[in-house]
Every structure is written in C-alpha cells, then in structure tokens.
Amino acid sequence: MKTLKQFLLTLAILIFAYNCKETNQHKSSKDVMLKDAFNENFFIGVAINENQILEMDSLETGLVSNQFNSITAENIMKSMFIHPSKDTFDFKMTDKYVGFGEKHNMFIHGHTLIWHSQLAPWFSMLKDSVSMVTEMENHIKTIVSKYKGRIHSWDVVNEALNEDGTLRQSVFLKTVGEDYLSLAFKWASEVDPNTDLYYNDYNMTNAEKRNGAIKLVKHIQEKGIKIDGIGMQGHWSLERPSLQEIEKSILDYAALGVKVAITELDINVLPSPWELVGAEVSQNFEGNEKMNPYPKSLHDSVQIKLANRYQDIFKLFLKHQDKISRVTFWGVNDSQSWLNDWPIKGRTNYPLLFDKQHKPKKAYDSIMSLKKRIN
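Residue numbers (numbering that gives the first Met the number 0): 0 to 374.
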C-alpha cells in the first residue's frame, strides 16, 4: 500500500511539474509581441484614432500598448482639426495623443503638417504667395514648436506628387510655386532640428512617381535643407506592387542618404474598380456584390494568401532593415480600416493583422514566425 501511495504521489508531482512547464512555455511564447519580435530591426507602429487616443476601449488600449512601440495620429493633426481657423489652433486632442505615446513609452510620429486634403478651408482662400508663405510658416512653426522634443518625427509634406511624378496642382503650388516644399522643411528644421522630417506619399513604388520623389528630395537637399526620410505608404494589395518594385524603391530612396519608413501599411483583399491603385481619397465608386465578396467573413483561402503576402513583404523588410526606420500599420484592427469605405462605401475589408474582435489573424502568425520566439 505504501509503495502504491508513493508511486501515485510521485506521478502527481511529475504531472504537476510538466503542466507548469507547459504553462510557462505557452506564457513566454504568448508574451512575445510584435514590438518585441522586431525590436532590433525597426519600430513597429500603428495609426490610432480619437477613441483610441482617449482610451475608450481597454482591449484596444492594451492591444496598441502591448503590440506596438510607435504611433501615428490617423486624423487629428490634419489642418482642418488642429488649425480650424486662421487665428485658432486646437491642441486638445494632439496633447492627449502625445500624452498617450509618452505614457506608453512610444515613438511618436506627427502626421501631417502640409497636405492639400483635409485642409482647413481658410487656407484655400489665400490667393497670393505672400499670404500663403506667411500662414504656412506660422502653421508649421507653431505646431512643431508646441511639441518640440516630444514628437520624434514628422510628415512635413504629404502627397505632393501626381502619378507621373510631376507636382500636384495644390493650393500651395499654385500660390507659392515649387519652393513651398523646401520652405516647409526649412521651417520645421529651424524650430526642432532634432526631429526627423519625412516626405510621405502613396504609390511610391511606381517608377514615374518614384523618379518624381527622388527629384523632390534632391531639390531640397541641394538647397542645404534638412530632409531625413521618405515615407512609402503601404496601401498595397495581394498582388501589387511586386516584391521587386518594393525592393527597388527601398534601395533607390536609401541611396539618397535618407531613411525609409513604411507608412500606412494595409493589404487590400477586395477587388479594385477599374484596377484602381493608390490612396487618392477623393475617388469613390458605386458598389455591387462582386465588389464586396466577403461581407461576413474572409474565406480561409484568402486568409492564407494574406498571410503569405505579409510574410513575403516582411522578409523583404528584414533583408533591408538597415535602411528602414519604421513600419506602421494603418489601423489597429479590421473594423477600423478606412478600406471598408474606400473607394466603395459599405464594403467589408480585412487588411490588417487583427480581426474585429482584436484577435490575431493568420497574417500575424506569418510575420511572427519569421522571428525566433523570445523565452
């Protein structure tokens, strides 16, 4: 009897020890987050909206703070919100945004100082170069000065190029001319010389636009003005751009002596009307069932395609990690993505790493599988 009791006791101890080991292994694996896995490679960032800045949902707050070490403000820093009238700046939400980043020890990116879209209406009423230069300088210097030393990098100018690489006929170009670009970077660098200054745009893998961006950067550099990086918006699809186009773009931009940030990353899994590519927010099209093939859930076969696409892209990022400063996803989870409403309203898209319930998808696992688990 004594022998049986000893045997059972020993067996119970062994089972308990095994379960503890399994629990600890599971815990250590589960505790590895995106920011941990890629900590030695580049920042892993995410764009956050007003509710997330205000920490309205504890699950989202936890997801953002645990998985990411860099943030971008999705909308609140655009001029229509932060500078709604000529003599009025509204810093309430931006203060909270910066406070959120500081609270969670994150790299804080400012988006964006000069952009033709979501522009404060009063800007468009300025018809002469003197007035525009004066107000642009005041806009940039006031905002950058307000957050000097707290915002670590800025999109100084956003989406100034046409698809053929020429300059967009924005109100800034029409009133000031091409020099508005170099002036914007000059003013920002004068106020905070220690923050990184980026030019940010979509379709930056397309040859003509890439050449236009290279010309833009060189023009600023030739004037002796600080420009630190190119932001390549990653509004891509399951097939386009090719890995070769992405790689060539990273190499060509890095050859300018600037950093490359992958910004606004999401992978569109839905069909695009008339082969539309890019992120021109003013374009909208009529919808139909063919254009919204996954209204309730994404088919497993497409989940796998999305996972493979993300894995291939991140393999490329890791290959060129010495050139890449930051990879930022455009949204926390699928329900937040702007692609649910663009370019066709009411569609259901699945472009990010986390689903509507904040759960990691196959795409998340495919990226994490590239890195050794931290035990």
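Even glycine gets a Cβ: it sits at the ideal position worked out from N, Cα and C.
Host beta strand (DSSP E) of residue i (start-end)
{"i": "F106", "result": "F106 to W114"}
{"i": "E263", "result": "K258 to N267"}
{"i": "S271", "result": "That residue, S271, is in no beta strand (DSSP E); it is neither H nor E in DSSP."}
Residue span of the alpha helix (DSSP H) that contains residue i, given as start and end
{"i": "N60", "result": "First, the residue type needs correcting, since residue 60 is Thr and not Asn in the sequence shown. Its alpha helix (DSSP H) spans residues S57 to Q66."}
{"i": "T93", "result": "K91 to K102"}
{"i": "K35", "result": "In the sequence under discussion, the amino acid at residue 35 is Asp, which differs from the Lys named in the question. Taken as a continuous stretch (DSSP letters only), the alpha helix (DSSP H) holding D35 covers L33 to A36."}
{"i": "S248", "result": "L242 to A253"}
Close Cβ partners of residue i (< 6 Å) along its chain, the five nearest in sequence each way excluded
{"i": "H319", "result": "I249"}
{"i": "S334", "result": "K355"}
{"i": "Q282", "result": "Note on Q282: pLDDT 49, under 50, position unreliable in the model; no value is reported."}
{"i": "H25", "result": "Model confidence at H25 stands at a pLDDT of 34, short of 50, so the residue's coordinates are unreliable and nothing is read from them."}
{"i": "H108", "result": "T71 and S152"}
{"i": "M55", "result": "none"}
{"i": "F171", "result": "Y179"}
{"i": "I261", "result": "M231, G233 and V326"}
{"i": "P350", "result": "D265, I266, N267, S336 and L338"}
{"i": "N357", "result": "Here residue 357 is His; the residue named in the question, Asn, does not match the sequence. Once the five neighbours on either side are set aside, the close Cβ partners of H357 are L58, L62 and N332."}
{"i": "N157", "result": "T111, W114 and N199"}
{"i": "Y309", "result": "A362, S365 and I366"}
{"i": "K370", "result": "A36"}
DSSP state of residue i mapped onto helix, strand, coil
{"i": "K360", "result": "coil"}
{"i": "S78", "result": "helix"}
{"i": "N307", "result": "helix"}
{"i": "H138", "result": "helix"}
{"i": "L166", "result": "strand"}
{"i": "L125", "result": "coil"}
{"i": "L160", "result": "strand"}
{"i": "T87", "result": "strand"}
{"i": "R372", "result": "With a pLDDT of 46 at R372, under the threshold of 50, the modelled position of that residue is not reliable, and no figure is offered here."}
{"i": "P337", "result": "The question names Pro, yet the displayed sequence has Trp at residue 337. Helix at W337."}
{"i": "Q117", "result": "coil"}
{"i": "E54", "result": "coil"}
{"i": "T204", "result": "coil"}
{"i": "D30", "result": "coil"}
{"i": "T174", "result": "helix"}
{"i": "I219", "result": "helix"}
{"i": "T347", "result": "coil"}
{"i": "Q302", "result": "helix"}
{"i": "L315", "result": "helix"}
{"i": "V331", "result": "coil"}
{"i": "I366", "result": "helix"}
{"i": "S296", "result": "coil"}
{"i": "K145", "result": "helix"}
{"i": "T133", "result": "helix"}
Residues sharing a beta bridge with residue i, DSSP
{"i": "W153", "result": "G109 and L196"}
{"i": "G211", "result": "The partner list for G211 (beta bridge, DSSP) is empty, contrary to what the question assumes."}
{"i": "I415", "result": "No statement about residue 415 is possible, as the shown extent of the chain runs from 0 to 374 and does not include it."}
{"i": "R325", "result": "F42 and A260"}
{"i": "L182", "result": "Partner(s): none; L182 has no beta bridge."}
{"i": "I47", "result": "A72"}
{"i": "S188", "result": "Answer is none; S188 lacks a bridge partner."}
{"i": "H234", "result": "D265"}
{"i": "V353", "result": "According to the sequence shown, residue 353 is Phe rather than Val. Its beta-bridge partners are P359."}
Residues of its chain near residue i, where Cβ-Cβ distance is below 7 Å and the 5 sequence neighbours each way are ignored
{"i": "D163", "result": "E207"}
{"i": "F88", "result": "I81, H82 and T141"}
{"i": "L166", "result": "A159, L160, L172 and E177"}
{"i": "L125", "result": "M131, E134 and T174"}
{"i": "Y197", "result": "S152, W153, D154, V155, D227, G228, I229, G230 and A260"}
{"i": "K95", "result": "I52 and L53"}
{"i": "K417", "result": "No answer is possible for residue 417: the residues shown for the chain start at 0 and end at 374."}
{"i": "M79", "result": "Q117, L118 and A119"}
Own chain, CB closer than 8 Å to residue i, minus 5 neighbours either side, in chain order
{"i": "D127", "result": "T174"}
{"i": "K304", "result": "L237 and V268"}
{"i": "I323", "result": "N40, F41, I249, K258, V259, A260, I261 and F316"}
- Query: Would you call the region 118 to 132 and the region 199 to 211 in contact, with 3 or more CB pairs under 8 Å?
  - Reply: Short answer: they don't touch.
- Item | Any 3 or more C-beta pairs closer than 8 Å across the region 164 to 181 and the region 138 to 152 | Using a Cβ-Cβ distance cut-off of 8 Å, the region 164 to 181 and the region 138 to 152 are not in contact, since fewer than three pairs of beta carbons, one from each stretch, lie closer than that value.
- Query: So, do the region 324 to 338 and the region 236 to 243 have three or more beta carbon pairs nearer to each other than 8 Å?
  - Reply: Fewer than three Cβ pairs drawn from the region 324 to 338 and the region 236 to 243 lie within less than 8 Å of each other, which leaves the two stretches out of contact.
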